[in-house]
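Asks:
There are 6 protein chains.
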Amino acid sequence: MNESVLMSELSWNEYQRRIIDEQQPVLLPVGAIEQHGPHLPLATDLLVVQAIAEHTAKKVGGIVAPPLCYGYKSQCRSGGGNHFCGTTSLDADTLIKNIVDLAREFGRHGARKLVMVDVHFENDMFVIEASDLAIRELKREGIDDFKILKPNMAAITNLENIAQFYPEGFTSMSLEHAGKLETSVMLYLHPELVDIEKFPQDELAQIPPYDTFPPATEHVPPSGVLCPVSGACREMGKIVFDDLVDGWVDAINVVFP
Amino acid sequence: MNESVLMSELSWNEYQRRIIDEQQPVLLPVGAIEQHGPHLPLATDLLVVQAIAEHTAKKVGGIVAPPLCYGYKSQCRSGGGNHFCGTTSLDADTLIKNIVDLAREFGRHGARKLVMVDVHFENDMFVIEASDLAIRELKREGIDDFKILKPNMAAITNLENIAQFYPEGFTSMSLEHAGKLETSVMLYLHPELVDIEKFPQDELAQIPPYDTFPPATEHVPPSGVLCPVSGACREMGKIVFDDLVDGWVDAINVVFP
Amino acid sequence: MNESVLMSELSWNEYQRRIIDEQQPVLLPVGAIEQHGPHLPLATDLLVVQAIAEHTAKKVGGIVAPPLCYGYKSQCRSGGGNHFCGTTSLDADTLIKNIVDLAREFGRHGARKLVMVDVHFENDMFVIEASDLAIRELKREGIDDFKILKPNMAAITNLENIAQFYPEGFTSMSLEHAGKLETSVMLYLHPELVDIEKFPQDELAQIPPYDTFPPATEHVPPSGVLCPVSGACREMGKIVFDDLVDGWVDAINVVFP
Amino acid sequence: MNESVLMSELSWNEYQRRIIDEQQPVLLPVGAIEQHGPHLPLATDLLVVQAIAEHTAKKVGGIVAPPLCYGYKSQCRSGGGNHFCGTTSLDADTLIKNIVDLAREFGRHGARKLVMVDVHFENDMFVIEASDLAIRELKREGIDDFKILKPNMAAITNLENIAQFYPEGFTSMSLEHAGKLETSVMLYLHPELVDIEKFPQDELAQIPPYDTFPPATEHVPPSGVLCPVSGACREMGKIVFDDLVDGWVDAINVVFP
Amino acid sequence: MNESVLMSELSWNEYQRRIIDEQQPVLLPVGAIEQHGPHLPLATDLLVVQAIAEHTAKKVGGIVAPPLCYGYKSQCRSGGGNHFCGTTSLDADTLIKNIVDLAREFGRHGARKLVMVDVHFENDMFVIEASDLAIRELKREGIDDFKILKPNMAAITNLENIAQFYPEGFTSMSLEHAGKLETSVMLYLHPELVDIEKFPQDELAQIPPYDTFPPATEHVPPSGVLCPVSGACREMGKIVFDDLVDGWVDAINVVFP
Amino acid sequence: MNESVLMSELSWNEYQRRIIDEQQPVLLPVGAIEQHGPHLPLATDLLVVQAIAEHTAKKVGGIVAPPLCYGYKSQCRSGGGNHFCGTTSLDADTLIKNIVDLAREFGRHGARKLVMVDVHFENDMFVIEASDLAIRELKREGIDDFKILKPNMAAITNLENIAQFYPEGFTSMSLEHAGKLETSVMLYLHPELVDIEKFPQDELAQIPPYDTFPPATEHVPPSGVLCPVSGACREMGKIVFDDLVDGWVDAINVVFP
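If you want it as structure tokens, here you go:
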């Protein structure tokens, strides 16, 4: 048990020792349950953030808190939209309150370093609002040295490192949902959960430059996949994933030296 | 992937098939991250509800939704209290909103059968409020045949089945926190996470017939364990756990025949 | 007016004198408006907490604040359920906010001792959440010596003292709703509000070990009474009531010496 | 019990009979706990709305629901201000939620006629917001014939009827807090709670034409009384009170014929 | 740019200079979008508060923050009611939160003087609640010298100054909605937005001494105008408007000397 | 008045005619009050959305509702951060509630077409959440044909059209805050509010690939400008602005044909 980075598996005494004596950062994975086409599991984003958190925690000496499994509503232009069966999302208010409550608790424990782990684009601004409110709350509790770090997946992802896999050029990061890149990461992390026989044959989705509510679902491929999957491979997945972990590790090393 | 009961591991197409075509019930584990003494992990309650949900889902043909890992604040008389380091809880409002949001989503998917899986006493009334509000919400969405089932751990637990392990009589169900019974269940489910060498030697805690806020922590053993652990064993854990699964299975069979 | 324990009847000057000069505790009755069968009035729980508060205040030198008349939703297994006509309940959020606001006001007045008076099982956890939030709020106002005491009716009730009235043994405390025990208390406190001719003849209700939402009302006797009433008497009511008052008095004497 | 107009004293069966069979209106007293000078009790407003409700219910055949004892924050220009010890108020949100919840419950019972009974100026707009939200809520529950009536104390009060008691002319209705008029009503309703020996000798308060937050308490007489008390008498109190009851009765007869 | 009183038109550096170096008060116009008959624009209240704020700011040396354009729901007896097409209102909670957030931000900037500018009767109590909550919030942020001033339009309006325009006496301030007085002010401030040919011919509305929810719209003239318009003139409008500006200026000079 | 596209300037009758008879769309500008360097006014974003809305409304035959002047909190990587004096923002919850309330009102009026006008990146996801909640709310009101359109500024902006002004290539859209592009737009729309003498000389800001809370302000240029301003010109501003208006017009023509 002693060696685990998972808060879930630690006794409170061991957790306390690491937080107080070692001043380890707490990594909080914020996931999403969202359709990822017929070939990837609903928890893809959750599995990815959990993996990033675990790998990062091992490298920096941190603790991975149990994840928030559910995230904010999928949008047509980035996740296919929240009208899909299986996509299971929280209202903004709920997601925000979860994070604020947890930050308050970690602060009470004596933690002063919280690292958000999030790759679901739609979560971003709500994680930000929650972080802002959490700092406000904690100050009112008399804790004014609590710091939250939120590495930015989009800013970390280094497309140059995978240029070799896109000989005709990278098409669209914003439409990279359940496509070649994400499928590659899952082939690397959880190949047993990727159903290669169900790869969809969709072209790059043509999403108009506006959103409508209720969503105009006709712009979204029925598969839920916004860009081609073909060419996905474990090798590329490893590169992307390692880059992400490096991004988290680097940010932690700078912000929590 | 096809055989998994975990919603996490299903594609949205497979999830939809089970919900719509097979009308499978969705089981939602509501956990807690709470100190369980020096010998049990912080996620004990989460691990137990996850196990109940998985075993039950396999028996009845159901789907286990990703868990709500965090629960309501630990109370001195039932969980040692929320002042312990490591105990990480949500405000009532947050816990309620999580469940309402998820029920709304499951209803949108086409699910009509939701089973709450909860063994953390402090969650009980908030799961109830959330269930009441969820039904109210869903009716307003035009869904009036959605039903939520909440088996009651306390009512299910059959102390007669484990009388053999308590030759001097069962002491106190309400103080059974991180004690002989719960430790036994963990020895059965996750022996690798039980640290036998750290069993505390505490006697049955003497909790006064009142609560105070802030909590009067002097009534709680410093270990966080409210009753003796000695005598915990895998055999008894299996009996208790099987009883719980049977309770969930029976309730589902009656309510969702 | 001077001798009254009722805040309602005091001028602000006299109230201030008692709070500031005498540092008297404030007792806040939290009631419920809930069906109690055809023979007891809807306000039974409210009348009982009001009586406990008044008797206790006289014994310890305290002030009874005006009651919160309405409580949390009745549950099938403890109060017959919230589907009855006449049962009139608040959402959890509303009940919690009431208590937090009042605690904040009492703190502003200079009071530092607040005693919750509650016998409605369904209120319990929401009074607890409110108490926790109130302490958090008050600390942010700079008041960190405010203390809330919540005696626990279930832990106080001493069944041994009334064993003589249950020659075949006490059946079920949890189903004791509008039954022999509660009716006895009302015969003692408010005999004019008990309609002896309308005593129902229900047997002990058989509530299954699970809850459903919407509630499965078929398990609840149409009268709303969960256990036999026959044998209710003023004498037993006095014993039970005196025990409760003693429980509140004892707790106050220990916590607010 | 049968003859009582108090919901508190009715069994649920009798309440149901009156609501469903007789379609009686429900009167909900909304009170306030607010300083009323050294000579009147803190619950003055609560006692007055309770009396209006009971008298009105007897005249029109209605049911008086248990009161909301606490109201919105006292303002300097109308109630002396919320800085007084003893004045105990709710946040707007809390007051609103109470009323919305209760309206929803009365609607569920089958009631369609709800009468608000309120004389505390500061409650007014929040009762209005609550009434608006309650109608919105009830429509979503499928109940679209629920109606709320809120007689307006200020519009009802007929100063001509008491002109005889103000030979030099009525000074200021808006500053009539704990003064001659209100004291008269209490002398009529609850003479035992009026302390004649403590009548303050304050002149009419000079409140500037603006409010400040935090409140500028120097404009408020230390007694909390905003206008002269001398001359208060039971006879005038009866006239004022009867006018109020007539106002409520007339409004009910028009709106719920 | 330098001379503008509009925060909108200032650079942050210039705004900072005025707030920090000159300690100028911030004036926040709280408007309403509400029918004002066929002859006045929907934004009448917004235009009036904006004008009061600008004129006042120039006289006292203050900054006008961008307005909250929308206000609380129009009531039958004061604004014709919220059932009119075009009347566009916020829930109380929303209006309150806007003001609290802005006060918190002004406090963070270093401002300590906030002046509410409001003439829409229905906004009043919500501006008051917001001001109370804002002070509470700011204290928790450690800012305890922030002060909010709310001049009271009703208390400022000096009917004597316009007696000449009402030879038969002023009829009713409370029904002065879109009538002679308000139309006069608009003729003075924005004559191009007053459609003289559409002046309604309504008599003084007869509003009963009670409100109902849903509103009893039959008491409200279909035009939405509650009192006669005829006789409205620019001259009277100037007197009224100047009185209002004087009221705001005087209050600021007293409270923020 | 008849020709105005501003709801503010319309009588309710004229507004009603356009909404009901002509079924015009309502455009709601959502602004922001945010530092834009020493050379641009705090209301830059508000002024731009107001201009887009007015130009678009004239082209498509629409109504511009009064703006929500304040937006969501500025972030370091897109707006310099919310720590600047003068940047005045709402909590997410407040911004969301404003939009939901207004959509509900427009729906009540009979409008079925709502167009959000927003260029402040930080508002985006909250406008989306509000739109989603508004549709949910409106459905519960029985209005299921209400549609919200939210053109996406980032997706509309056509960098090719301004390539001539960036001979060395466009540096960074995400850091385009108060820089050459935005300054150009303001030079076109409101040259009198641009202080050319105060153009900052900052280079492109180097924002690390992570956010911290509280914000790491050392990465943000003290001027608040994230990219070079030099080269800003009216001509380019016109091109960008016209593109934006075209984008809104095109989207409206497609979605509300």
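Residue numbers (the numbering used here), protein chains in the order written: chain A, 7 to 263; chain B, 7 to 263; chain C, 7 to 263; chain D, 7 to 263; chain E, 7 to 263; chain F, 7 to 263.
The beta carbon of each residue, even a glycine, is placed where N, CA and C say it ideally should be.
How would you write the range of the alpha helix (DSSP H) that D99 of chain C sits in, first residue to last?
Replies: D99 of chain C -> alpha helix (DSSP H) spans 98-115.
Asks: Go ahead and pull the three-state DSSP assignment for H126 of chain C.
Replies: The answer is coil: DSSP assigns H126 of chain C none of H, G, I, E or B.
Asks: In the DSSP assignment, what residue or residues form a beta bridge with I154 of chain E?
Replies: Paired residues: D:F219, E:L120.
Asks: Run through chain F and tell me which residues come within less than 8 Å of N158 of chain E, C-beta to C-beta.
Replies: The premise fails here: N158 of chain E is roughly 25 Å from chain F at the closest Cβ pair, so nothing lies under 8 Å.
Asks: Do you know whose CA, among A:S14, A:A136, A:I245, lies nearest I168 of chain A's CA?
Replies: Checked all of A:S14, A:A136, A:I245; the closest Cα to I168 of chain A is A:I245.
Asks: Please specify which runs of the alpha helix (DSSP H), each continuous and at least 4 residues long, are wholly inside the region 13-69 of chain D, giving them in chain order.
Replies: Runs of the alpha helix (DSSP H) inside the region 13-69 of chain D: 18-22, 50-66.
Asks: Taking beta-carbon pairs under 8 Å, can you tell me which members of the region 46-79 of chain E lie near chain F?
Replies: The region 46-79 of chain E vs chain F, Cβ under 8 Å: L46, P47, L48, A49, L52, L53, A71, P72, P73, L74, C75, Y76.
Asks: Kindly indicate which three-state DSSP category T163 of chain D falls into: helix, strand or coil?
Replies: Coil, per DSSP.
Asks: In the region 225-259 of chain B, which residues sit with their C-beta less than 7 Å from some C-beta in chain C, listed in chain order?
Replies: Those residues of the region 225-259 of chain B that come within reach of chain C (Cβ to Cβ, closer than 7 Å) are G253, A257.
Asks: At the level of alpha carbons, what is the spacing between I149 of chain B and G67 of chain F?
Replies: Distance between the alpha carbons of I149 of chain B and G67 of chain F is about 39 Å.
Asks: Which residues in the same chain have their Cβ closer than 6 Å to the Cβ of A71 of chain D, if we skip the five residues on either side of it in sequence?
Replies: Excluding residues within five positions, the ones whose Cβ falls inside 6 Å are M13, V32, L34.
Asks: Here's a check: name, in chain order, each residue in its chain whose Cβ is nearer than 7 Å to the Cβ of V255 of chain D, leaving out the five neighbours to either side.
Replies: Taken in chain order, the residues that qualify are T62, K65, V66.
Asks: Would you mind reading off the limits of the alpha helix (DSSP H) that contains L74 of chain E?
Replies: L74 of chain E -> no alpha helix (DSSP H), and no H or E assigned at all.
Asks: Which residue wins for smallest C-alpha separation from T100 of chain B, given the options B:S84, B:F112, B:G113, B:K79?
Replies: Comparing Cα-Cα distances from T100 of chain B to each of B:S84, B:F112, B:G113, B:K79, the minimum goes to B:K79.
Asks: Please classify M179 of chain C as buried or exposed, where buried requires at least 16 neighbouring CB atoms within 10 angstroms.
Replies: Exposed, by the Cβ-count rule.
Asks: Given this structure, state the Cα-to-Cα distance separating P227 of chain D from L210 of chain D, to the nearest angstrom.
Replies: When rounded, the distance between both Cα atoms is 9 Å.
Asks: Is C233 of chain A near G175 of chain A, with beta carbons less than 8 Å apart?
Replies: Not a contact, by the Cβ cut-off of 8 Å.
Asks: Kindly indicate the opening and closing residues of the alpha helix (DSSP H) around Y194 of chain B.
Replies: Per DSSP, Y194 of chain B belongs to the alpha helix (DSSP H) from 186-195.
Asks: Quick check: what's the CA-CA separation for H45 of chain B versus Q207 of chain B?
Replies: About 11 Å.
Asks: What is the DSSP secondary structure of S95 of chain F, counted as helix, strand or coil?
Replies: In this structure, S95 of chain F counts as strand in the three-state DSSP scheme.
Asks: Would the region 38-57 of chain C and the region 111-128 of chain C be scored as touching if the rule is three or more Cβ pairs under 8 Å?
Replies: Segments in contact, yes.
Asks: To the nearest angstrom, how far is the alpha carbon of R118 of chain E from that of P263 of chain E?
Replies: Rounded to the nearest angstrom, the two C-alpha atoms are 13 Å apart.
Asks: Can you check which of these residues, D:R24, D:H225, D:G243, is closest to G116 of chain D by C-alpha distance?
Replies: Here the closest residue by C-alpha is D:R24.
Asks: Going along the chain, which residues of the region 145-170 of chain D sit with their C-beta nearer than 8 Å to a C-beta in chain I?
Replies: Of the protein chains in the structure, A, B, C, D, E and F, none is chain I.
Asks: Straight-line CA distance for F247 of chain E to L193 of chain E?
Replies: If you take the alpha carbons of F247 of chain E and L193 of chain E, they lie about 11 Å apart.
Asks: Do you know how far the Cα of R240 of chain E is from the Cα of E188 of chain E?
Replies: So the two alpha carbons sit approximately 10 Å from each other.
Asks: Provide the residue span of the alpha helix (DSSP H) that contains K244 of chain C, from first to last.
Replies: Here the alpha helix (DSSP H) through K244 of chain C covers 240-261.
Asks: Terminal residues of the continuous alpha helix (DSSP H) containing G85 of chain A?
Replies: Unbroken alpha helix (DSSP H) run through G85 of chain A: 82-85.
Asks: Please classify S236 of chain A: is it buried, with 16 or more other beta-carbons within 10 angstroms of its beta-carbon, or exposed?
Replies: That one is exposed.
Asks: Per the contact definition of three or more C-beta pairs closer than 8 Å, is the region 89-109 of chain D in contact with the region 130-148 of chain D?
Replies: These segments touch.
Asks: Pull out every residue of the region 117-143 of chain B whose Cβ sits closer than 8 Å to any Cβ of chain C, in chain order.
Replies: Result list: E128, D130, M131, F132, I134, E135, S137, D138, L139, A140, I141.
Asks: Under a Cβ-count criterion, where at least 16 other Cβ atoms within 10 Å of its own Cβ denotes burial, should D336 of chain B be classed as buried or exposed?
Replies: Residue 336 of chain B lies beyond the stretch modelled for chain B, which goes from 7 to 263, so this question has no answer here.
Asks: Quick one: which chain D residues come within Cβ less than 8 Å of P215 of chain E?
Replies: In chain order: P157, N158, A161, I162, G253, A257.
Asks: Identify the contact partners of V261 of chain D in chain E, using a Cβ-Cβ distance below 8 Å as the criterion.
Replies: Simply Y216, T218, A222.
Asks: Please classify D97 of chain E as buried or exposed, where buried requires at least 16 other C-beta atoms within 10 Å of its C-beta.
Replies: Classification of D97 of chain E: buried, given that the 10 Å Cβ count is 16 or more.
Asks: Determine the direct distance from the alpha carbon of K153 of chain D to that of R110 of chain F, and round the result to whole angstroms.
Replies: The straight-line gap from Cα to Cα measures roughly 21 Å.
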